[in-house]
Amino acid sequence: MKRTLVTGGAGFLGSHLCKKLLQEGHEVLCVDNFFTGRRENIHELLDYKNFELLRHDITFPLYVEVDEIYNLACPASPVHYQFDPVQTTKTSVVGAINMLGLAKRLKIRILQASTSEVYGDPSIHPQTEDYWGNVNPIGPRACYDEGKRCAETLFFDYFRQHNLDIKVVRIFNTYGPNMQPNDGRVVSNFILQALNNKPITIFGDGAQTRSFCYVDDLIDGMYKMMQTEKGFTGPVNIGNPYEFSMLQLAEKVIELTGSKSQISFQPLPQDDPKQRQPDINQAKSKLNWQPNVQLEEGLVKTVEYFKSIVS
Ligand code: NAD
Ligand code: UDP
Ligand code: UDP
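Here is the structure:
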């Protein structure tokens, strides 16, 4: 049985990944400092005899014995990663060094959950993996974007310098159950506002676009990446290429919830990317992966989840 370490395992994506790994017959060691992770996310996993939970901050060294590592620890929403930006950079950079050091000592495979934010406010569209990005290094989003870019640098240097078995996926916006209600992300905000008949807060004019992937699809892609042959490092984009504007999203959420909410336009945050859409040709050809869940279907499940936690 494979013993798999998931850092950030109590978070939104991590909790789904831990569940998938348990279902695939892995033993799972979930490491989390509970900065943005929640006990409720992993509550049902505590019943699995192969699930183990360790409260630990990965900016400190970690000495455990495992067979592979998924490195997901890092707050992902702007509200949370900007709350303590220095800690955000430390988590991405020092955390990556520690997890890479652990993988190096054990000579094991390690996957990095990178992000579409490495492309910043992109000047090519859709974004292919060979695009180097357009990131403001000193802006309020830099702690996350540059931290994640540096983590990728470290992964590729451990690969070149130490022949480490690395995998890097660049995750695009993802949504679904276990998203935190208070993380300020657009899907959770809009659904909660709609369910409470409160104004839907659109930042800017709502013309900016995103491409949202349902969490089950995303986890499937990440898992497939981990199964690829040694030497295939990525980075590989994982996301749903179906692109829509925030105004369209607001209208869809209002329609699905039957809400009486009005739209309220608010100032656009600094450095907010105007457009984002993954080119997923690599994921299709190398991982034999593509998303299956349509926006409406995924939103319905997410609305059900938020109804269940607010009631
Ligand atoms: P999340 O905030 O729900 O989960 C992150 C988890 O990491 C939390 O449980 C948190 O407590 C934990 N954590 C944070 N700092 C830590 C530290 N120093 N030591 C140990 N644990 C720590 O976010 P998420 O959406 O589940 O994102 C998971 C990963 O995927 C992140 O690395 C994020 O950058 C990446 N990602 C997510 C998205 C998305 O749309 N959700 C998009 C791109 C990339
Ligand atoms: N490390 C860890 N667990 C291990 C091995 C290493 O947390 O099982 C950390 C350790 O703190 C070290 C970092 O990983 O600083 C990088 O390790 P590496 O061997 O690459 O570098 P070095 O130990 O030479 O600094
Ligand atoms: N956004 C919005 N209203 C909200 C929250 C976010 O209009 O209540 C916008 C935000 O400005 C951005 C998009 O929705 O253009 C996606 O924001 P999110 O924080 O979810 O993701 P990211 O900006 O990291 O892609």
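Using the numbering used here, read the sequence shown as starting at 110 and increasing by one per residue. Virtual Cβ for every residue (Gly too), placed ideally from N, Cα, C. Predicted model only: the values in this text are computed from it and were never measured.
Hey, is residue i close to ligand 4, as in C-beta under 7 angstroms from one of its heavy atoms?
| i | result |
| --- | --- |
| Lys-307 | Ligands present in the displayed structure are limited to ligand 1, ligand 2 and ligand 3, and ligand 4 is not among them. |
Quick check: what's the CA-CA separation for residue i versus residue j?
| i | j | result |
| --- | --- | --- |
| Phe-415 | His-152 | 17 angstroms |
| Tyr-240 | Asp-381 | 19 angstroms |
| His-135 | Ile-309 | 41 angstroms |
| Thr-237 | Val-203 | 27 angstroms |
| Val-362 | Ile-300 | 6 angstroms |
| Asn-272 | Ser-223 | 20 angstroms |
| Leu-365 | Asn-291 | 21 angstroms |
| Asp-156 | Ile-372 | 43 angstroms |
| Pro-378 | Gly-313 | 8 angstroms |
| Asp-254 | Ile-233 | 17 angstroms |
| Gln-465 | Glu-405 | Look at the range of the chain in this structure, 110 to 420, and you will see that residue 465 is not part of it. |
| Ala-182 | Gln-196 | 12 angstroms |
Is residue i near ligand 1, in the sense that its beta carbon is under 7 angstroms from a heavy atom of that ligand?
| i | result |
| --- | --- |
| Gly-146 | yes |
| Asp-95 | Here the chain comprises residues numbered 110 to 420, so residue 95 is not present and cannot be evaluated. |
| Val-173 | no |
| His-165 | yes |
Tell me, which residues are paired with residue i by DSSP?
| i | result |
| --- | --- |
| Gly-229 | Asn-243 |
| Gln-236 | Pro-387 |
| Arg-112 | Glu-136 |
| Gln-196 | Gln-196 pairs with nothing; no bridge assigned. |
| Ile-275 | Ile-219 |
Given the structure, does residue i come close to ligand 2, in the sense that its CB is under 7 angstroms from one of the ligand's heavy atoms?
| i | result |
| --- | --- |
| Ile-206 | yes |
| Arg-279 | no |
| Lys-216 | no |
| Lys-369 | no |
Is any heavy atom of ligand 3 found at a distance shorter than 7 angstroms from the C-beta of residue i?
| i | result |
| --- | --- |
| Arg-258 | no |
| Gly-343 | no |
Practice problem: Ignoring anything shorter than 4 residues or poking outside the segment 285-352, list the alpha helix (DSSP H) runs there in chain order. | Solution: For the segment 285-352, the continuous alpha helix (DSSP H) assignments of 4+ residues that do not extend past its boundaries occur at 295-304 and 324-335, in sequence order.
Quiz item: Going along the chain, which unbroken runs of the beta strand (DSSP E) with 3 or more residues stay wholly within the segment 342-416?
Solution: DSSP runs (the beta strand (DSSP E)) wholly in the segment 342-416: 345-347, 352-354 and 372-375.
Quiz item: Per the contact definition of three or more C-beta pairs closer than 8 angstroms, is the segment 339-349 in contact with the segment 381-400?
Solution: The segment 381-400, when compared against the segment 339-349, does touch it at the 8 angstroms Cβ threshold.
Quiz item: Can at least three beta-carbon pairs, one atom from the segment 256-276 and one from the segment 309-329, be found at a separation below 8 angstroms?
Solution: Three or more beta-carbon pairs separated by less than 8 angstroms are not found between the segment 256-276 and the segment 309-329, which leaves the two stretches without contact.
Practice problem: Count the CB pairs spanning the segment 117-125 and the segment 141-149 that are closer than 8 angstroms, and state whether there are at least three. | Solution: Flag = yes, the segment 117-125 and the segment 141-149 touch.
Quiz item: Does the pairing of the segment 161-178 with the segment 224-232 give three or more beta-carbon distances under 8 angstroms?
Solution: No: fewer than three Cβ pairs fall under 8 angstroms.
Practice problem: Ignoring anything shorter than 3 residues or poking outside the segment 142-210, list the beta strand (DSSP E) runs there in chain order. | Solution: Within the segment 142-210, the runs of beta strand (DSSP E) at least 3 residues long that lie entirely inside it are, in chain order, 160-164 and 177-180.
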